[in-house]
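Each remark here refers to the structure printed beneath this line.
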Amino acid sequence: MEKIRLRDIADALGLSVATVSNVLNGKDSKVSPATRIRVLEAVEGSGYLPERAEVLLGRNPSRMVGLVVNDHPEYSGHPLEDPYNARFISFLQRAAVRHGLELLVKTARTWEEAAQFASMWNMTGLVVSGFCDADYVSLRQEMKIPLAACDAFSREAGFSSVTVQDRKGGRLAGEHLKSLGHSRVTCTTTNMICDDFERIQGIRDAGLQTDLFMISGDRTVMREQFRQHDFSHVTAVFCVSDRQAMELLCILHERGIRVPEDLSVIGFDGIEAGIWAVPPLTTIAQDLEAKAETAIASLFEDPASHLIDVELTVRRSTGYAKTIL
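Numbered according to my numbering, the sequence shown terminates at residue 1570, and the numbering increases by one at each position without gaps.
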């Protein structure tokens, strides 16, 4: 059976294609009620299927890509409200549009949920963020569409990885603190795997002594841990994310600990909100726009590993080390 086109319906009704399209898209304020009814009845009886619906039903080549963001417990069920994730999604949406694509976003706790999401839609490819290497490998084995894994360290073949130079970023943070006279640093992290591990290794590469402070991903628990922790034996704190660093700045202010006079604080990610922290946050900034563009482009290329550079952004939360008596 020959496919029914929008023009076929318009010609049969003696209307313009624009008028029929406006009715179908709800832009019919200038169309008479009688004409609107004629259009809807004609469409219903014709078997016409809009292009967008054909994509969803898998009858046309897909113009959709998916993004799955790991719903870590630290996000308290709201991962898309995290400043880093929100900005990354914004850049990913723009990159998708530049490639003539539309973006579908999903949060998931497991790789199985991510695979199920991909199987429900007729996608060109899938970008996954916030999982670890074993999850990416399992996803690749389960899916047939191209996969771009953000912050993956696996050298497994079959999918593209888009990874920030985390270890270099940690080293830049360490070298900055060392230049200010700091020698012993507390490192805050919720785990010692994947990107967190690499960032802390970078601090150590700079020759600094490090004390690990394992914190909870739950914001309420994290803030209480910051309230109770003894920072008197160090002169600086390196947080593996800006989110942790900004929480710490709030609690240090509550405790009367001056930043950077008593304690320097440096984060990682370069989220825009760091500019308005009190004091403005020194951070290791990653190029999220380049990360997003690379992730989308890699879906149309042979699988490869891509490294995204980082740079030190110095603001007012770091200063010269005080003398510890």
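Note that beta-carbon positions come from the ideal geometry of N, C-alpha and C, so glycine has one too.
Span of the beta strand (DSSP E) around residue i
| i | result |
| --- | --- |
| Leu-1457 | 1454 to 1459 |
| Phe-1513 | 1509 to 1514 |
| Leu-1371 | 1370 to 1374 |
| Ala-1394 | 1392 to 1395 |
CA-to-CA distance, residue j to residue i, given in whole angstroms
| i | j | result |
| --- | --- | --- |
| Ser-1477 | Ile-1569 | 8 Å |
| Ala-1287 | Lys-1275 | 19 Å |
| Cys-1377 | Ala-1530 | 21 Å |
| Thr-1527 | Glu-1492 | 14 Å |
| Val-1559 | Leu-1269 | 53 Å |
| Phe-1483 | Leu-1251 | 59 Å |
| Asp-1256 | Ile-1282 | 16 Å |
| Val-1350 | Gly-1426 | 45 Å |
| Arg-1561 | Arg-1412 | 23 Å |
| Thr-1408 | Glu-1420 | 22 Å |
| Ser-1571 | Glu-1534 | Nothing about residue 1571 can be read from this structure; the chain reaches only from 1246 to 1570. |
| Arg-1354 | Ile-1516 | 24 Å |
| Asp-1475 | Trp-1366 | 50 Å |
Residues near residue i by beta carbon distance below 6 Å, same chain, minus five either side
| i | result |
| --- | --- |
| Asp-1450 | Arg-1416 |
| Arg-1472 | Ile-1496 |
| Thr-1433 | Phe-1458, Ile-1460, Cys-1484, Gln-1489 |
| Pro-1525 | Arg-1560, Arg-1561 |
Unbroken alpha helix (DSSP H) run spanning residue i, endpoints
| i | result |
| --- | --- |
| Gln-1386 | 1378 to 1387 |
| Ser-1543 | 1533 to 1543 |
| Ser-1477 | Looking at the DSSP string, Ser-1477 is not in any alpha helix (DSSP H), and its letter there is neither H nor E. |
| Thr-1568 | Where Thr-1568 is concerned, there is no enclosing alpha helix (DSSP H), given that its DSSP letter is neither H nor E. |
Which residues DSSP lists as bridging residue i, in chain order
| i | result |
| --- | --- |
| Thr-1433 | Phe-1458, Cys-1484 |
| Leu-1349 | Gly-1311 |
| Ser-1406 | Ala-1394, Ser-1550 |
| Leu-1557 | Ile-1529 |
Neighbourhood of residue i by C-beta distance below 7 Å, restricted to the same chain and skipping five residues each side
| i | result |
| --- | --- |
| Arg-1468 | Glu-1492, Ile-1496 |
| Asp-1554 | Gln-1410, Asp-1532 |
| Leu-1348 | Val-1310, Leu-1312, Leu-1337, Gln-1338, Ala-1341 |
Minimum Cβ-Cβ distance from residue i to chain D less than 8 Å
| i | result |
| --- | --- |
| Leu-1392 | The structure shown contains no chain D, having only a single protein chain. |
Spatial neighbours of residue i in its chain, beta-carbon cut-off 8 Å, leaving aside the 5 residues before and after
| i | result |
| --- | --- |
| Glu-1506 | Gly-1564, Lys-1567 |
| Ile-1445 | Gly-1415, Cys-1432, Thr-1434, Met-1437, Thr-1455, Leu-1457, Phe-1483, Val-1485 |
| Gly-1452 | Gly-1419, Lys-1423 |
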